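Presented below is the structure to which this report refers.
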Amino acid sequence: GRLAAEVAAAERAGADWIHVDVMDGRFVPNITIGPLVVKAVRQATRLTLDVHLMIEEPEKFIDEFAAAGAEVITVHAEACPHLHRTIAQIREAGEKLKPRRRIMAGVSLNPHTSLAALDYILPELDLVLVMSVNPGFGGQRFIPSALDKIADLRWMIEDQGLSVKIEVDGGVSLKTIGPLARAGAEVILCEQYGFLGGNATAALVNPFVSYYTQHHRRETPGAINFFPTDHGPGDPVISGVLADLVARLVRV
């Protein structure tokens, strides 16, 4: 089906991860996809499946998304009053699966949220997702203060001797991708909304891959990396985003 074709096109274009935005109409004003679609994406690709839960009470759904095939699960600090417990639940969800597998645990911060929200949780994380737009809708302008936040976060991570990845989502373009990489972002989302068609998907992803092939000597832009350790500093993972698909998903 069309979803499988879109995922395949992003993979051929050089994406390393497929990022799925899950919205509930409460935490953010839009509604998108759930575990069944995540399962369909899992069946369509071997790329790392990165699930971003922009929802209230994410702890109620973590096991379902883990079972559907998510390899990265990110929750919002603003939606989790017991964030430490929720991160532990992501870890435990992978242990419950047969066979067991490790699920990367992430925390996302909205543009207004201070890095102080991470003070007592950062060592427990695999990833921090910095929102460079207010979540819920595509096509928004990049918020420049995200660059300072990412740079400060990079300093925090290095100061503590951690290996937490920094992901950025929202308003990314070829004008902002370089400054984001220099600030410390390692996973950069290339946005796609709806079905573009294979050629259009490739046209969207290819410039990002080409940029890093040229400027960062990215030798394996199409590598399938569960934990992409072959990406050094300033050599981000390029991720394709699938969102706003609900009404048009009939089968894969």
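Residue numbers (my numbering): 691 to 942.
Yeah, the Cβ is synthetic: ideal placement off N, Cα and C, and Gly gets one too.
The structure presented is a predicted model; accordingly, all values stated were derived computationally and were not measured.
Apart from sequence neighbours up to five positions away, the residues of its chain that approach residue 776 with a beta-carbon distance below 8 Å are 748, 749, 752, 765 and 770, ordered along the chain. Around the beta carbon of residue 798, 16 or more other beta carbons sit within 10 angstroms, so the residue counts as buried. Per DSSP, the beta-bridge partners of residue 818 are 797 and 856. With 16 or more other CB atoms across the displayed protein chains lying within 10 angstroms of its CB, residue 707 is buried. Residue environment: residue 860 is assigned as buried (16 or more neighbouring CB atoms within 10 Å of its CB, all protein chains considered).
Annotated three-state conformation of residue 879 is strand, per DSSP. With 16 or more neighbouring CB atoms inside 10 Å of its own CB, residue 874 falls in the buried class. Within its own chain, the residues whose Cβ lies closer than 6 Å to the Cβ of residue 869, once the five positions on either side in sequence are excluded, are 837, listed in chain order.
Remark: C-beta atoms of residue 761 and residue 739 approach each other more closely than 8 Å. About 7 Å separates the CB atoms of residue 858 and residue 879; that is less than 8 Å, so the two are in contact. Counting along the chain, no beta strand (DSSP E) covers residue 802, and no H or E run does either. Residue 728: member of the alpha helix (DSSP H) spanning 725-734, first to last residue. Take residue 832, set aside five residues on each side of it, and the residues of its chain with a beta-carbon closer than 8 Å to its own are 822, 823, 860, 861, 862, 863 and 866, in chain order.
Residues 745 and 746 of the same chain have their beta carbon placed closer than 8 Å to that of residue 716, with the five preceding and five following residues left out of the count. C-alpha of residue 736 to C-alpha of residue 792: approximately 16 Å in a straight line. For residue 742, the secondary structure class from DSSP, reduced to helix, strand or coil, is strand.
Contact annotation, residue 840 with residue 820: C-beta distance approximately 6 Å; criterion of less than 8 Å satisfied.
Partner residues in the beta bridge of residue 764, as assigned by DSSP, are 742 and 796. Annotation: residue 851 to residue 814 spans about 13 Å, alpha carbon to alpha carbon.
Per DSSP, reduced to three states, the secondary structure at residue 709 is strand. With a 10 Å radius around the Cβ and a threshold of 16 neighbouring Cβ atoms, residue 825 comes out buried.
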